[in-house]
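Q: Pasting in a structure now, in structure tokens, and then I'll have a few things to ask.
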Amino acid sequence: MRLNKNFKKIITVLSRWGFSKQGLLNNSKGEWYLFSQILLILLHFIVPYPKIEYTEFAINIFIKIIGLAISIQGLIIVINAFLDLGENLTPLPYPMNESILIKNKSYKNVRHPLYKGLLFISLGICIFLLSLIHLCLLISLAYILKIKALKEEERLKIKFPEYKEYIKEVPAIIEKIKYLDWRS
Numbered sequence: 090m091r092l093n094k095n096f097k098k099i100i101t102v103l104s105r106w107g108f109s110k111q112g113l114l115n116n117s118k119g120e121w122y123l124f125s126q127i128l129l130i131l132l133h134f135i136v137p138y139p140k141i142e143y144t145e146f147a148i149n150i151f152i153k154i155i156g157l158a159i160s161i162q163g164l165i166i167v168i169n170a171f172l173d174l175g176e177n178l179t180p181l182p183y184p185m186n187e188s189i190l191i192k193n194k195s196y197k198n199v200r201h202p203l204y205k206g207l208l209f210i211s212l213g214i215c216i217f218l219l220s221l222i223h224l225c226l227l228i229s230l231a232y233i234l235k236i237k238a239l240k241e242e243e244r245l246k247i248k249f250p251e252y253k254e255y256i257k258e259v260p261a262i263i264e265k266i267k268y269l270d271w272r273s
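Heads up: the sequence shown runs through residues 90 to 273, numbered per my numbering.
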């Protein structure tokens with residue numbers, strides 16, 4: 090009984106976010122981008138390859154501290170952006186019908202702080218592990234998050250006409266990195 094009740098709650102939340110059977114088949118609301126993002130994040134738990142080892146202990150510790158600090162900063166960014174979105178949060182690049190446009194707090198200085206935080210976490214892991222495969226995961230994650238953000242922005246411009254002005258003023262994901270800041 091309890092399992093069935095919890096399953097119904099999960100289905101209700103997924104429906105509220107915009108998930109549907111049809112969307113899973115044809116990517117109508119960006120479901121495939123979300124699943125790609127989740128897969129890339131999970132792949133960060135694989136063993137580093139090729140692992141580069143430094144012989145000098147001090148350099149190795151210093152690099153690990155830098156990687157850890159960047160990942161922690163990314164986690165803080167993700168948590169703040171998550172809390173700032175509140176009820177507007179959806180994992181799909183498609184705003185919910187009842188959502189409002191958030192342009193303050195985490196969203197004042199960057200349009201997609203959740204994505205920025207995820208990239209910082211990925212970069213920190215890449216540095217911490219000194220792994221070529223994790224560098225490839227970082228690049229792949231940046232690619233998927235950019236596509237997802239662009240899809241999301243197409244819909245946000247339709248739902249919120251003021252979003253067009255917001256795009257001109259605020260960096261997309263990471264300022265001064267042209268690939269991740271496509272202000273128009």
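By construction, the Cβ of each residue, glycine as well, lies at the ideal position given by its N, Cα and C atoms.
1. Rounded to whole angstroms, what is the Cα-Cα separation between SER104 and ASN93?
2. Going by beta carbon distance, what residues of the same chain come within less than 8 Å of ALA158, once the five residues before and after it are set aside?
3. Would you mind stating whether TYR138 and ILE222 have Cβ atoms separated by less than 8 Å?
4. Can you list the alpha helix (DSSP H) stretches of 4 or more residues lying completely in the region 175-245, in chain order?
5. Return yes when the Cβ of ILE191 is within less than 8 Å of the Cβ of LEU234, no when it is not.
6. CA-CA distance, ASN115 and PHE151?
7. Exposed or buried, which one is SER195 when buried takes at least 16 other CB atoms within 10 Å?
A: Straight from the coordinates:
1. 16 Å
2. GLY213
3. yes
4. 202-218
5. Between LEU234 and ILE191, the CB-CB gap reaches or exceeds 8 Å.
6. 46 Å
7. buried
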